[in-house]
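Written below as structure tokens is the structure these notes are about.
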Amino acid sequence: NAGVTQTPKFQVLKTGQSMTLQCAQDMNHEYMSWYRQDPGMGLRLIHYSVGAGITDQGEVPNGYNVSRSTTEDFPLRLELAAPSQTSVYFCASSQRRLANYGYTFGSGTRLTVV
Amino acid sequence: EDQVTQSPEALRLQEGESSSLNCSYTVSGLRGLFWYRQDPGKGPEFLFTLYSAGEEKEKERLKATLTKKESFLHITAPKPEDSATYLCAVQVSKAAGNKLTFGGGTRVLVKP
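Sequence order for the protein chains is A and B.
So for the first sequence, my numbering puts the first residue at -9; every next one is plus one.
So for the second sequence, my numbering puts the first residue at 40; every next one is plus one.
Right, here's the structure in full:
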């Protein structure tokens, strides 16, 4: 079982560049989310999806877009990268009911925007 | 606004020195409180879910408890391998999509 796979692990972008952070899960989980983690601020929700074709905004969605064409994949797109988007990004997936298993997180993408 | 506050921010322990981490929360309605462990350079790893005041859960040297306003993670006789950041998160009753609100975490260092 691979669980939740994120690529790339590290990325450096120049201001104004675009890129897509990839996330794939092989557990047939309905729910998927993107969080960013910044020092002293904890994990903050960017976007989430409750199933293929359904996405919604989280706490900090500005500057990010998502799509969910399949159950397995949930890519995060940065259209015009800004230094404020320097962070560690985590993708997570879960069953419909969090219950006793919580979220399964990927290992993260460390993004630096210069 | 839903808020989760963890204290202390950092904790240095000697091996075998038991201690507790605090997670206090202010939410409109609690559906569940989650504890995660995060090692450097890795994603959070699920530990426990607590649902109602008075509930307790244990895993090895860790024990989580829940009251109406806060949760504690007790570490009994810790070992160096317990060194990690411990994250607390809440799921509120009206939140869609299994959204979690996280606290800032407590960094625990256990010295041999």
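Every residue, glycine too, gets a C-beta built ideally from N, C-alpha and C.
Note that this is a predicted model, so its numbers are computed, not measured.
Discussion item. Is B/Asn137 close to chain A? Criterion is C-beta to C-beta, closer than 8 Å.
Written reply: By this cut-off, B/Asn137 is an interface position.
Worksheet item: Going by beta carbon distance, what residues of the same chain come within less than 7 Å of A/Asn90, once the five residues before and after it are set aside?
Response: Around A/Asn90: no qualifying Cβ.
Worksheet entry | Closer than 9 Å at the beta carbon, the chain B residues around A/Ala89 | Chain B residues near A/Ala89: Gly71, Thr88.
Fill in: chain A contacts made by the stretch 91 to 102 of chain B, where a contact means CB separation under 7 Å
Flagged: no residues at all.
Worksheet item: Can you list, in chain order, the residues of its chain whose CB lies under 7 Å from that of B/Ser110, leaving out five sequence neighbours each side?
Response: Excluding its 5 nearest sequence neighbours in each direction, B/Ser110 has C-beta neighbours in its own chain below 7 Å: Cys62, Leu72, Leu89, Ala103, Thr104, Cys127, listed in chain order.
Discussion item. So that I know if they touch, is there some Cβ in chain B lying closer than 8 Å to that of A/Leu70?
Written reply: A/Leu70 does not count as touching chain B.
Worksheet item: So what does DSSP say about B/Asp121, is it helix, strand or coil?
Response: Annotated three-state conformation of B/Asp121 is helix, per DSSP.
Item to complete: Please decide whether B/Gly82 counts as near chain A, where near means a Cβ-Cβ distance under 8 Å.
Response: Yes, B/Gly82 counts as interfacial toward chain A.
Worksheet item: According to the Cβ coordinates, are B/Lys118 and B/Glu56 closer than 8 Å?
Response: Result no, Cβ atoms of B/Lys118 and B/Glu56 do not sit closer than 8 Å.
Worksheet entry | The beta strand (DSSP E) enclosing B/Asn61, as first and last residue numbers | Note, B/Asn61: beta strand (DSSP E), 58 to 65.
Worksheet item: What did DSSP end up calling B/Gln77 once you bin it into helix, strand or coil?
Response: Shown here, B/Gln77 sits in a strand according to DSSP, grouped into three states.
Discussion item. For B/Gln180, which residues in the same chain have their Cβ closer than 6 Å to its Cβ, ignoring the five residues on either side in sequence?
Written reply: A question about residue 180 of chain B goes unanswered here, because the residues of chain B that appear run from 40 up to 151.
Worksheet entry | 8 Å Cβ cutoff, A/Met31 in contact with chain B | By this cut-off, A/Met31 is an interface position.
Worksheet item: Roughly how many angstroms lie between the CA atoms of B/Phe85 and B/Glu99, to the nearest whole one?
Response: Looking at the two C-alpha atoms, the distance is approximately 14 Å.
Worksheet item: Going by beta carbon distance, what residues of the same chain come within less than 8 Å of A/Tyr93, once the five residues before and after it are set aside?
Response: Ser23, Ala82, Ser83, Ser84.
Discussion item. Report the CB separation of A/Gly48 from A/Leu35 in whole angstroms; it is logged as a contact under 8 Å.
Written reply: The pair is a contact, with the Cβ atoms about 3 Å apart (cut-off 8 Å).
Worksheet entry | Sub-8 Å separation of A/Val103 and A/Thr76 beta-carbons | Result yes, Cβ atoms of A/Val103 and A/Thr76 sit closer than 8 Å.
Fill in: Beta-carbon neighbours of A/Tyr54, restricted to chain B and to distances below 7 Å
Within chain B, no residue comes near A/Tyr54; the closest Cβ sits about 16 Å away, beyond 7 Å.
Practice prompt. Identify, in the order they occur along the chain, each residue of the same chain with its Cβ nearer than 7 Å to the Cβ of A/Glu69, setting aside the five sequence neighbours on each side.
Written response: Correct list, in chain order: Ser8, Asn55.
Practice prompt. Keeping to the same chain, check which residues put their C-beta closer than 6 Å to that of B/Tyr64; ignore five residues upstream and five downstream.
Written response: Val43, Val129.
Worksheet item: If you drop the 5 nearest sequence neighbours on each side, which residues of the same chain put their C-beta closer than 6 Å to that of A/Pro73?
Response: Cβ-Cβ distances below 6 Å link A/Pro73 to Val103 in the same chain, with the five nearest sequence neighbours on each side left out; the list follows chain order.
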